[in-house]
Amino acid sequence: MKIAPLHPWNLDYASARRLQTDLAAKVRQEPFPGPVNTVVGVDCAFSRDKKRIAAVVVVLRLPDFELIERADCVLPVTFPYIPGLLSYREAPVCLAAIEKLKTTPDVFLIDGQGIAHPRRLGLASHLGLFLGRPTIGCAKSRLIGDYDDPPAARGSSSPLKDGEEIIGTVLRTKTAVKPLFISPGHLCRLDDALRITLACCTRYRLPEPARLAHHLVTRLKAKL
DNA sequence: GCGACAG
DNA sequence: ATCTTGTCGC
179 MKIAPLHPWN LDYASARRLQ TDLAAKVRQE PFPGPVNTVV GVDCAFSRDK
229 KRIAAVVVVL RLPDFELIER ADCVLPVTFP YIPGLLSYRE APVCLAAIEK
279 LKTTPDVFLI DGQGIAHPRR LGLASHLGLF LGRPTIGCAK SRLIGDYDDP
329 PAARGSSSPL KDGEEIIGTV LRTKTAVKPL FISPGHLCRL DDALRITLAC
379 CTRYRLPEPA RLAHHLVTRL KAKL
């Protein structure tokens, strides 16, 4: 799919933060245009010497989770890991891999935060602006926000709040297992994000697209 | 100064 | 993210 380059990625930290604040104003939370037939999973891994980063993207069809298409890309690492600036480290490879897809998926499940971010522009939201397609942030841990531990049953949840503002949901995707932190990326609302994420979780903590992408990128990493 | 901190 | 053995539990 075609991706219009919104801006360069090689910025200094101060510029990177300012850009996030500017871009966050463009993020929109809207109800889904139509049905969700295809869901994407993306995951990254690093070479052993930590000099290269790899990304794998998979497109699964619902409701049977059949693999429709996959693509990958490997690039040199150009930005350090800094909490709050993850996009500048991982977005470039993700976009390069996604750009190789022939199909245009209905929604993207991203391993990271959506608007549950200090400046409301986590990796999922940032990627969403480049893709112009709905994205959902599915993080395995918290970046910001306060919450109460949700009940142990699968499907239980509790709001993730930054002061009085609800920025996401802490969702139990598997009974008695550590929850996931869900937040809207772009062109998606929290209720739809929850519904779609849960629909992709079968018997494991992570959504199927994310699990498959993680499995494949780990296999790719071994060959670097 | 101290603690927190997506992947 | 990455390193890394055994171990507890369904």
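Residue numbers (my numbering): 179 to 402.
Glycine included, each C-beta is placed from N, C-alpha and C at the ideal position.
Note that the structure is predicted; figures quoted are calculated from it, not measured.
- prompt: Considering Lys-399, what are the terminal residues of the alpha helix (DSSP H) in which it resides?
  reply: As a first step, residue 399 must be located in the first sequence, where it is residue number 221. Run containing Lys-399: 386–399, per the alpha helix (DSSP H) assignment.
- prompt: Who are the Cβ neighbours of Ile-181 in its own chain at under 6 Å, not counting the five residues just before and after it?
  reply: Taking the first sequence and counting its residues from 1, one reaches residue 181 at position 3. Annotation for Ile-181: Leu-273, Glu-277 and Phe-308 place their beta carbon closer than 6 Å to its own, counting only its chain and skipping 5 residues before and after.
- request: Might you give, ordered along the chain, the residues of its own chain that have their beta carbon closer than 6 Å to the beta carbon of Ala-249, omitting 5 neighbours on each side?
  value: Locating residue 249 in the first sequence gives position 71, where the first residue counts as 1. So the list reads Val-235, Ala-275, Lys-278 and Leu-279, once near-sequence residues are dropped.
message: Spatial neighbours of Pro-183 within its chain, please: C-beta separation below 8 Å, excluding the five flanking residues on both sides.
response: Taking the first residue of the first sequence as 1, we reach residue 183 at position 5. In the same chain as Pro-183, and ignoring 5 residues on each side of it, the C-beta atoms closer than 8 Å to its own belong to Phe-308, in chain order.
task: Could you name the residues that DSSP lists as bridge partners for Ile-288?
output: Residue numbering aside, residue 288 sits at position 110 when the first sequence is read from its first letter. Ile-288 pairs with Val-220 and Gly-315.
field: Beta-carbon proximity of Val-237 to Val-217, cut-off 9 Å
entry: For this step, residue 237 is matched to residue 59 along the first sequence. For this step, residue 217 is matched to residue 39 along the first sequence. Closer than 9 Å, so yes.
query: Which runs of the beta strand (DSSP E), 3 residues or longer, sit entirely within the stretch 309–361?
result: 313–317, 335–340 and 343–349, all fully within the stretch 309–361.
field: For Pro-258 and Ser-225, the rounded distance between their alpha carbons
entry: Here residue 225 refers to the residue found at position 47 when the first sequence is read from its first residue. Here residue 258 refers to the residue found at position 80 when the first sequence is read from its first residue. Inter-residue distance for Ser-225 and Pro-258 is about 14 Å (C-alpha atoms, whole angstroms).
field: Coarse secondary structure for Ile-231, derived from DSSP in three states
entry: Position 53 of the first sequence, counting from 1, holds the residue named residue 231. DSSP places Ile-231 in the strand class (E or B) of the three-state scheme.
task: Take Arg-311 as the anchor and find which of Glu-386, Phe-286, Ala-192 and Lys-228 has the nearest alpha-carbon.
output: Taking the first sequence and counting its residues from 1, the one referred to as residue 311 is at position 133. Cα-wise, what sits closest to Arg-311 is Phe-286.
- request: Round the Cβ separation of Val-355 and Ala-223 to the nearest angstrom and send it over; I've been treating them as touching at under 8 Å.
  value: Position 177 of the first sequence, counting from 1, holds the residue named residue 355. Position 45 of the first sequence, counting from 1, holds the residue named residue 223. No, Val-355 and Ala-223 are not in contact; Cβ-Cβ is about 23 Å, not under 8 Å.
field: Residue(s) in a DSSP beta bridge with Pro-254
entry: By one-based count along the first sequence, residue 254 stands at place 76. Bridge partners of Pro-254 according to DSSP: Arg-230.
field: alpha helix (DSSP H) segment containing Pro-270, residue limits
entry: Along the first sequence, one-based indexing puts residue 270 at 92. DSSP places Pro-270 in the uninterrupted alpha helix (DSSP H) bounded by 265–276.
- prompt: Where Arg-383 and Leu-358 are concerned, what is the direct C-alpha to C-alpha distance, given to the nearest angstrom?
  reply: The residue given as residue 383 occupies position 205 in the first sequence. The residue given as residue 358 occupies position 180 in the first sequence. Between the alpha carbons of Arg-383 and Leu-358 lies a gap of roughly 8 Å.
message: Judging by CA-CA distance, which residue of His-304, Met-179 and Val-220 is the nearest neighbour of Lys-204?
response: Residue mapping note: residue 204 aligns to position 26 of the first sequence, counting from 1. When only C-alpha atoms are compared, the closest one is His-304.
message: I'd like the list of long-range same chain contacts for Ala-403, defined as Cβ closer than 6 Å, with 5 residues on each side in sequence excluded.
response: The chain is shown from 179 up to 402; residue 403 falls before or after that span and cannot be answered.
- request: Give the range of the alpha helix (DSSP H) segment to which Ala-182 is assigned.
  value: The residue labelled residue 182 in the question sits at position 4 within the first sequence. Note, Ala-182: premise wrong, no alpha helix (DSSP H); not H, not E.
query: From the DSSP output, which residues share a beta bridge with Ala-202?
result: Residue mapping note: residue 202 aligns to position 24 of the first sequence, counting from 1. Under DSSP, Ala-202 shares a beta bridge with no residue.
- prompt: Between Arg-298 and the rest of its own chain, which residues show a CB-CB distance below 6 Å, the 5 nearest in sequence each way excluded?
  reply: The sequence position of residue 298 within the first sequence is 120, counting from 1. Contacts found: Ala-202.
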